[in-house]
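Contents: one structure, followed by commentary.
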Amino acid sequence: MRARTHGPFLLLATTLAAASGGCDGVIGDGDAPNGPTVTPTAECSPTADPIRRLTPTEYVNTATTLFPGVVLPTASPIPDSRVHGFTNQSAGQSISDLGVQRYEELAVAIGEAAAQQLDSWAPCSDDSDACAESLAKELAFRAYRRPLAPDEEAAVTGFALQARGDFGMTEGMAIVIQGLLESPSFLFRPEIGTATEEGATVPLDGYEMASRLSYFFLDTMPDDGLFAAAADGRLTTPEGVEAEARRLMAMPEARQVLTGFLGEWLGLYRLEALSLDSQVFPELDDQLRADLEASARAFLDKALWDDDSFESLYDGSFGFVNDRLAPLFGVPEPGSDELVLVELDPAQRRGILTQPALLAATSHGIAHSPILRGVTLLDRIACAPVPAPPPGILDDFDPVEVPPEEICTTRDQVAKTHSVAPACQSCHVAIDGAGFAFENYDALGRHRTEENGCSIDATGVLPGEMGEVSDGVDLSTRLSESPQAAECLAAHAFRFALGRLETKGDTCQIQQVAEGLLTEGKSLQTLLIDLVKSDAFRRRPRG
Numbered sequence: 107m108r109a110r111t112h113g114p115f116l117l118l119a120t121t122l123a124a125a126s127g128g129c130d131g132v133i134g135d136g137d138a139p140n141g142p143t144v145t146p147t148a149e150c151s152p153t154a155d156p157i158r159r160l161t162p163t164e165y166v167n168t169a170t171t172l173f174p175g176v177v178l179p180t181a182s183p184i185p186d187s188r189v190h191g192f193t194n195q196s197a198g199q200s201i202s203d204l205g206v207q208r209y210e211e212l213a214v215a216i217g218e219a220a221a222q223q224l225d226s227w228a229p230c231s232d233d234s235d236a237c238a239e240s241l242a243k244e245l246a247f248r249a250y251r252r253p254l255a256p257d258e259e260a261a262v263t264g265f266a267l268q269a270r271g272d273f274g275m276t277e278g279m280a281i282v283i284q285g286l287l288e289s290p291s292f293l294f295r296p297e298i299g300t301a302t303e304e305g306a307t308v309p310l311d312g313y314e315m316a317s318r319l320s321y322f323f324l325d326t327m328p329d330d331g332l333f334a335a336a337a338d339g340r341l342t343t344p345e346g347v348e349a350e351a352r353r354l355m356a357m358p359e360a361r362q363v364l365t366g367f368l369g370e371w372l373g374l375y376r377l378e379a380l381s382l383d384s385q386v387f388p389e390l391d392d393q394l395r396a397d398l399e400a401s402a403r404a405f406l407d408k409a410l411w412d413d414d415s416f417e418s419l420y421d422g423s424f425g426f427v428n429d430r431l432a433p434l435f436g437v438p439e440p441g442s443d444e445l446v447l448v449e450l451d452p453a454q455r456r457g458i459l460t461q462p463a464l465l466a467a468t469s470h471g472i473a474h475s476p477i478l479r480g481v482t483l484l485d486r487i488a489c490a491p492v493p494a495p496p497p498g499i500l501d502d503f504d505p506v507e508v509p510p511e512e513i514c515t516t517r518d519q520v521a522k523t524h525s526v527a528p529a530c531q532s533c534h535v536a537i538d539g540a541g542f543a544f545e546n547y548d549a550l551g552r553h554r555t556e557e558n559g560c561s562i563d564a565t566g567v568l569p570g571e572m573g574e575v576s577d578g579v580d581l582s583t584r585l586s587e588s589p590q591a592a593e594c595l596a597a598h599a600f601r602f603a604l605g606r607l608e609t610k611g612d613t614c615q616i617q618q619v620a621e622g623l624l625t626e627g628k629s630l631q632t633l634l635i636d637l638v639k640s641d642a643f644r645r646r647p648r649g
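As structure tokens, this is what we get:
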């Protein structure tokens, strides 16, 4: 059986493409600063709120939630582009002919599978108009994640009755499901707000808040508890939002999603493509890549959920090690293929930035890269990204010849090359100064004090409040007390939660959210709660 594509829910490429225009645009001021710095006079209200489409993960999870017990197709929508380090950003979402075709194919396949197994998920399955009408209304409410307007309900039920009459219950429901899954109301997350008051912004309604909370914490559609909170008006106040947020954070799915956010923030995805010279690093294989990533995720999971501590994130002297990773960490083998929590030498390892996975993720070829480490530190930790090189800057660039006797360490090579090349100096003063703080670690993150028989200089310089640091451990300890690092983490959490870069009107709220990271307790979970209670999360620009 193949569901037919016709009726009022037909998804045309032009309709989807038109809707996707909201994914790339913003309402109001789209001027985004490099980081979460704000002047005291900045207006503290959101000035942008693009319409987002379900990410491939959200799509698959939502379909799975809609049809529990149904074996769904293994395919997923076309992946989106990674922007600002994340794959859920509106700026990375676009629509292509192939993307539209994939949505149509998925809708047909899911519709057929779900219709064949009505007994596993549907409240009724008898071949009657009453059942067809009831299923269509309930499914549309859940697929659209909101109550239907009267004209929508009439269209949905009318289409269901017609489809059943023309094709029978099973094929008729397959057609209805296909139509709902191709609807922009399913594929997109329009959060319009309610203009019930004066001002530059309007509050989201309860159902919009339910979706925003659920997709942030769980990567899927709202559950019955969120729908009930929306219907009761409990999501229109910060207190009601906090209550539901804490309920969601207690779910296992939230632990995975939010630990995943930290992994994306720090660029752990780079480990999949880590390529080092096999003659120099013969131990690097797919299993070691997987172990490195799993170890870093276990560190982040403990810092966020068990310790719930900003200080632990940047200054914790622990790690997760198995027999393959022990040589990289410089600890005895624990006698296990599984990861084991161990205490590390605090003079060598403190916080996530000195974990081998993070250090290896910024390596390539035959050595570590102070440049990639510096760029990552400036962008992800300090929110002081260095702009891309101007077009053509290297067209007439002549490499600097440095006498071999002046080069012993990687730092020597980088410093002597960039310090005498005018085209490089302006950017590399910041990049290299940050990256040099991790010279005590090789391309796989092993700690060392010498390179090629020469003593290592791991002193570094960071922009802003940090200034000079003696090495990566010193840097990490100071980051655990740093307002700049706290604001930068809050800014990345904001980007992940709202699928967009912050604008000038958001930055003062980001600062307010970050304040809790530097108070007693330094709770990372409170950062997330304060974020969803903020006006930036609960409101959108009028217009």
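Last residue of the sequence shown: 649 (the numbering used here), numbering continuous.
Every residue gets a Cβ at the ideal spot worked out from N, C-alpha and C, and that includes glycine.
Is it buried or exposed for residue i, if we count other Cβ within 10 angstroms and need 16 for buried?
| i | result |
| --- | --- |
| Cys237 | buried |
| Ile472 | exposed |
| Gly566 | buried |
| Gly274 | exposed |
| Phe115 | Confidence in Phe115 is poor, its pLDDT being 43 and thus under 50, which makes the residue's placement unreliable; the coordinate value appears in the next sentence. Buried, by the Cβ-count rule. |
| Asp636 | buried |
| Asn558 | exposed |
| Asp392 | exposed |
| Ser320 | buried |
| Glu277 | buried |
| Gly422 | buried |
| Pro156 | buried |
| Val262 | buried |
| Pro647 | buried |
| Asp548 | buried |
| Pro328 | buried |
| Thr147 | Note that Thr147 scores 36 on pLDDT, short of 50, meaning its location in the model is unreliable and no value can be drawn from it. |
| Thr300 | exposed |
| Gly131 | Here Gly131 scores only 29 on pLDDT, less than 50, and its place in the model should not be relied on; the value that follows carries that caveat. Exposed, because fewer than 16 other Cβ atoms sit within 10 Å of the Cβ of Gly131. |
| Asp137 | Here Asp137 scores only 35 on pLDDT, less than 50, and its place in the model is too uncertain to base an answer on. |
| Val386 | exposed |
| Ser469 | buried |
With a Cβ-Cβ cutoff of 8 Å, do residue i and residue j count as a contact?
| i | j | result |
| --- | --- | --- |
| Leu377 | Ala463 | yes |
| Ser415 | Lys610 | no |
| Asp538 | Pro493 | no |
| Ile616 | Phe602 | no |
| Ile458 | Leu394 | no |
| Arg403 | Gly425 | no |
| Pro179 | Asp612 | no |
| Ser461 | Ser384 | First, the residue type needs correcting, since residue 461 is Gln and not Ser in the sequence shown. Not in contact: Gln461 and Ser384 (Cβ atoms no closer than 8 Å). |
| Leu634 | Phe544 | no |
| Asp483 | His190 | The displayed chain sequence assigns Leu, not Asp, to residue 483. Taking 8 Å as the Cβ cut-off, Leu483 and His190 do not qualify as a contacting pair. |
Which partner residues of residue i appear in the DSSP bridge assignment?
| i | result |
| --- | --- |
| Pro309 | Arg645 |
| Arg295 | Arg158 |
| Cys560 | Glu557 |
| Leu382 | Gly471 |
| Tyr667 | This structure cannot settle anything about residue 667, because the visible part of the chain is limited to 107 through 649. |
Just reading off the alpha helix (DSSP H) that residue i is part of, what are its end residues?
| i | result |
| --- | --- |
| Phe602 | Pro589 to Leu604 |
| Glu288 | Met275 to Glu288 |
| Phe333 | Asp330 to Ala337 |
| Phe426 | Premise fails: Phe426 lies in the beta strand (DSSP E), Phe424 to Val427, not in any alpha helix (DSSP H). |
| Val347 | Pro344 to Met355 |
| Val579 | Gly578 to Leu585 |
| Ser240 | Asp235 to Tyr250 |
| Asp421 | Phe416 to Asp421 |
| Asp186 | First-last for Asp186: undefined, no H or E at that position. |
Confirm the yes/no value for this check: CB of residue i, any heavy atom of the ligand ATP, distance under 7 Å.
| i | result |
| --- | --- |
| Glu417 | With respect to the ligand ATP, the structure shown offers nothing to examine, as it has no ligands at all. |
Go to residue i, then tell me how far its beta strand (DSSP E) extends in each direction, as first and last residue.
| i | result |
| --- | --- |
| Leu398 | Counting along the chain, Leu398 falls outside any beta strand (DSSP E), though it belongs to the alpha helix (DSSP H) covering Asp392 to Asp407. |
| Gly573 | Gly573 to Val575 |
| Leu447 | Val446 to Glu449 |
| Leu568 | Gly566 to Leu568 |
Kindly indicate if chain D contains any beta-carbon less than 8 Å away from that of residue i.
| i | result |
| --- | --- |
| Asp391 | Note that chain D does not occur in the displayed structure, where there is just one protein chain. |
Would you call the stretch 204 to 220 in contact with the stretch 252 to 267, where contact means no fewer than 3 C-beta pairs closer than 8 Å? Contact fails: fewer than three Cβ-Cβ distances are below 8 Å.
Using 8 Å as the cut-off, can you tell me whether the stretch 226 to 246 makes contact with the stretch 169 to 181, which would need three or more C-beta pairs spanning the two stretches below that distance? Yes, since at least three Cβ pairs between the stretch 226 to 246 and the stretch 169 to 181 fall closer than 8 Å, the two stretches touch.
Okay, do the stretch 309 to 320 and the stretch 338 to 347 touch, 3+ Cβ pairs below 8 Å being the bar? Counting C-beta pairs with one atom in each stretch, the stretch 309 to 320 and the stretch 338 to 347 have three or more that are closer than 8 Å, which means they touch.
Answer yes if the stretch 589 to 598 comes into contact with the stretch 614 to 629, meaning at least three C-beta pairs across the two stretches below 8 Å, and no otherwise. yes
Within the chosen definition, does the stretch 302 to 312 reach the stretch 636 to 647 through at least 3 CB pairs nearer than 8 Å? Verdict: yes, contact present.
Would the stretch 319 to 337 and the stretch 355 to 366 be scored as touching if the rule is three or more Cβ pairs under 8 Å? yes
Quick check: the stretch 159 to 167 against the stretch 179 to 197, are there 3 or more CB pairs under 8 Å? yes
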